[in-house]
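S.K.:
In full-length UniProt numbering, the protein residues as written are 1 to 218.
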């Protein structure tokens, strides 16, 4: 059955930092000829979460039956990992037989399973994909960027939209409108910054659509 018993998958959705997180290299004291007056900056929330996610995935591979090495990890193993995380999900995903299937705000509770959020899984894959390459992996062999993983996330997204009655619409970034400058007055609008806020990928607490993973030997 599922492996990963020693991992702490809850750390993927939790914001608390891991006590075992390594100290970033840039926080070390400089050499004898360097000034050490500037204080060490702690890692950002994103970097801390990425490190926790990466350590959790490595622990999952270690506890896999049989154990897996990172070099042998494929997109199929990544999908197994995502399904394994469903047991720690907090989002109700209605089954087709449920009377509240497709209802965004059901009036009463039901016995449908709780699963991982599509938005959380999507953001998790983005962090793990970056961590893989930061830890020496080659982009062409990155298991988190495979077509199979993209298809799986797309299916999860579509299934959740139907089950929960909440369509996931892709946010379109507004293009900055160029201010017309009068030909008579050669002045430009003050502060030439016309960019708009870049919305970071927030991990919505939605759910996945498939059952828990079964661990297969490689």
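Ideal Cβ positions, reconstructed from N, Cα and C, are used throughout, including at glycine. Quick caveat: nothing in here was measured; it's all calculated off a predicted structure.
Closest to residue 78 by C-alpha separation, out of 153, 134 and 119, would be which residue?
M.R.: The residue you call residue 78 lines up with position 78 of the chain shown. Ranking 153, 134 and 119 by Cα distance to residue 78 puts 153 first.
S.K.: Which of helix, strand or coil does DSSP assign to residue 62?
M.R.: One-based indexing of the chain shown puts residue 62 at position 62. The answer is helix: DSSP assigns residue 62 an H, G or I state.
S.K.: Given 8 Å as the limit, is there contact between the segment 110-117 and the segment 44-55, that is, 3 or more CB pairs closer than that?
M.R.: No, the segment 110-117 does not touch the segment 44-55.
S.K.: Does the structure place the segment 55-75 close enough to the segment 88-108 that three or more beta carbon pairs sit under 8 Å?
M.R.: No, the segment 88-108 is not in contact with the segment 55-75.
S.K.: DSSP on residue 130, reduced to helix/strand/coil?
M.R.: In the chain shown, residue 130 corresponds to position 130, counting from 1. Helix, per DSSP.
S.K.: Tell me whether residue 115 sits in a helix, a strand or coil according to DSSP, three-state version.
M.R.: If you number the chain shown from 1, residue 115 lands on position 115. Three-state result, residue 115: strand.
S.K.: Can you tell me whether residue 108 is buried or exposed, with buried defined as 16 or more other CB within 10 angstroms of its CB?
M.R.: As a first step, residue 108 is located in the chain shown; it is residue number 108 there, counting from the start. Answer is exposed; the Cβ neighbour count stays below 16.
S.K.: Measuring straight from C-alpha to C-alpha, what distance separates residue 121 and residue 82?
M.R.: For the purposes of this step, residue 121 is taken as the residue at position 121 of the chain shown. For the purposes of this step, residue 82 is taken as the residue at position 82 of the chain shown. Cα to Cα, residue 121 sits roughly 7 Å from residue 82.
S.K.: Does residue 91 come out as helix, strand or coil in the three-state DSSP assignment?
M.R.: Indexing the chain shown from 1 puts residue 91 at position 91. Residue 91: strand per DSSP, three-state reduction.
S.K.: Can you tell me which of the three DSSP states residue 138 falls into?
M.R.: The residue labelled residue 138 in the question sits at position 138 within the chain shown. In this structure, residue 138 counts as coil in the three-state DSSP scheme.
S.K.: Roughly how many angstroms separate the alpha carbons of residue 40 and residue 106, rounded to a whole number?
M.R.: For the purposes of this step, residue 40 is identified with residue 40 of the chain shown, where counting begins at 1. For the purposes of this step, residue 106 is identified with residue 106 of the chain shown, where counting begins at 1. Roughly 49 Å separates the two Cα atoms.
S.K.: For a quick check, are the C-beta atoms of residue 162 and residue 102 less than 8 Å apart?
M.R.: To locate residue 162, count along the chain shown from 1; it is residue 162. To locate residue 102, count along the chain shown from 1; it is residue 102. A contact, by the Cβ cut-off of 8 Å.
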